[in-house]
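According to our numbering, the residues represented by the sequence shown are 31 to 234, in order. Worksheet for the structure shown next.
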Amino acid sequence: MRRRMTRVEQAAATRAALLAAARAVFLRSGYHGTTVDAVAQEAGFTTGAIYARFAGKADLFLALLEERVDERSAQLRALPAGDPLDAGTAVTRQWARILRSDLDWTLLVVEFRVHAARDPGLAARFAELHGRLVGVLTDVLARLHGGQAPRERYEALARAGLAMGPGAALARAAEGEAFSDELMEEVDAAVAARLLGTREGAVS
Numbered sequence: 031m032r033r034r035m036t037r038v039e040q041a042a043a044t045r046a047a048l049l050a051a052a053r054a055v056f057l058r059s060g061y062h063g064t065t066v067d068a069v070a071q072e073a074g075f076t077t078g079a080i081y082a083r084f085a086g087k088a089d090l091f092l093a094l095l096e097e098r099v100d101e102r103s104a105q106l107r108a109l110p111a112g113d114p115l116d117a118g119t120a121v122t123r124q125w126a127r128i129l130r131s132d133l134d135w136t137l138l139v140v141e142f143r144v145h146a147a148r149d150p151g152l153a154a155r156f157a158e159l160h161g162r163l164v165g166v167l168t169d170v171l172a173r174l175h176g177g178q179a180p181r182e183r184y185e186a187l188a189r190a191g192l193a194m195g196p197g198a199a200l201a202r203a204a205e206g207e208a209f210s211d212e213l214m215e216e217v218d219a220a221v222a223a224r225l226l227g228t229r230e231g232a233v234s
């Protein structure tokens, strides 16, 4: 006989089901094409069930974004240590691979970010999540590079990598194979070398 879920477990399961449905609809219809009604229908719940847990469509998306930030942070933290002089390139390449592995989500985030830029409240919430990712990237770079550079350098590279990623995703979506993975990796390596140094050039 199956154990009945507690209220807390049931609430968590409902929230997870709503977020899974929201993710499916957002990816299928885009941010602007998604409605709370469509998410409710996808999940098999009423819109009231959504509004009891989320303020609206933007709140749903930000909850999904927070989950994704946590997942990607874990992926970055799991990078093994190697040659410190390869640290910048290793981290930026790993970030590029993460974005390429889920191109549709990356494009969805770009769409939401443009929307949020026109809403101070949403912009602040997006900036908070973005700042978390900057902090994780900065810490990972510092660890893998052995702390040989000022922390400002690691943060600059983290911000550069995060800024270039969405642009690369847009270019890849528009140009296909003409915008190759190899080209993006060369750009990543050049930025990392400029900020952290390479085998041929020490950090200044």
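Built from N, CA and C at the ideal position, the CB exists for glycine as well. Because the structure is a prediction, the values reported are computed rather than measured.
Continuous alpha helix (DSSP H) stretch holding residue i: start and end
i           : result
residue 127 : 117 to 131
residue 194 : 181 to 205
residue 63  : 37 to 63
residue 100 : 87 to 107
residue 149 : It is not in any alpha helix (DSSP H) - residue 149 carries neither H nor E in the DSSP assignment.
residue 71  : 66 to 73
residue 79  : 77 to 81
Beta-carbon proximity list for residue i, same chain, < 8 Å, skipping 5 on both sides
i           : result
residue 199 : 129, 130, 133, 136, 137 and 140
residue 195 : 125, 126, 129 and 136
residue 159 : 92, 95, 96 and 99
residue 143 : 156 and 196
residue 164 : 185, 188, 189 and 192
residue 120 : 109, 112 and 174
residue 19  : The requested residue 19 does not occur in the structure, where the chain is confined to residues 31 to 234.
residue 105 : 124 and 128
Same chain, Cβ closer than 6 Å to residue i, neighbours up to 5 away in sequence not counted
i           : result
residue 221 : 190
residue 234 : Note that residue 234 scores 38 on pLDDT, short of 50, meaning its location in the model is unreliable; the coordinates nonetheless yield the value given after this. Here the set comprises nothing.
residue 103 : 166
residue 55  : 64, 68, 69 and 72
residue 57  : 134
residue 181 : none
residue 224 : none
Close Cβ partners of residue i (< 7 Å) along its chain, the five nearest in sequence each way excluded
i           : result
residue 67  : 77
residue 83  : 45 and 48
residue 171 : 117, 118, 121, 184, 187 and 188
residue 214 : 126 and 198
residue 146 : 152, 153 and 156
residue 176 : 114
Report task. Pair every Cβ in the stretch 110 to 117 with every Cβ in the stretch 52 to 67, then say whether three or more of these pairs are closer than 8 Å. Result -> no
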